[in-house]
Amino acid sequence: MSQLKDDHQWVIEEQRALDITSAEEFDRIAFAMRALRLLRPPMTVAVYPRTRSLSVERGRDLSTEPTGTWAMLGIPPNASRAHIALAVAELAPAEQRPWLLDLLALGAHDARD
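Under the numbering used here, the first residue of the sequence shown is numbered 18, with each subsequent residue one higher.
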């Protein structure tokens with residue numbers, strides 16, 4: 018049996034699931050990506066479709082510098098705009114969260130995806 022050497026070590030530091038839903042029809046992944054483009058978090062973020070419950074996982078990438086971080090954002094087909102915005106805002110530095118959440122939630126109705 019051969020062993021694979023992996024230089025990447027991942028540590029999940031936080032995991033949350035939000036179950037707030039909406040029947041509104043829009044491209045939830047595109048909305049999350051738009052919010053991430055506005056936010057520009059100082060980390061690597063993966064956005065993926067999920068079957069149920071919005072999920073945010075964050076951690077450190079131990080193969081990079083000590084401050085290397087990552088996040089995974091799982092978006093279900095019935096997630097609300099407000100809760101996607103909340104999940105994305107959680108990736109921002111704490112001092113940016115209040116205004117960023119307002120910007121994302123209010124801007125959601127200006128540009129339909």
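Even glycine gets a Cβ: it sits at the ideal position worked out from N, Cα and C. Being a predicted model, the structure only gives us computed values, none of them experimental.
Excluding the five sequence neighbours on either side, which residues of its own chain have a C-beta within less than 7 Å of the C-beta of GLU107, listed in chain order? VAL73
Contact set for MET89: own chain, Cβ-Cβ below 6 Å, skip 5 residues either direction: Correct list, in chain order: ALA63 and GLU74.
Is ARG75 helix, strand or coil when you go by DSSP? strand
Rank ALA104, PHE43, ASP78 and ARG77 by C-alpha distance to the C-alpha of SER70 and give the top, closest one. ALA104
Which of the three DSSP states is assigned to ALA109 in this structure? Look at ALA109 here: in three-state DSSP terms it is coil, with no helix or strand label.
Is MET89 helix, strand or coil when you go by DSSP? strand
When DSSP labels each residue in this structure, what does ALA40 get in the three-state scheme? coil
Per-residue burial, LEU56 [other beta carbons within 10 Å of its own, 16 or more giving buried]: buried
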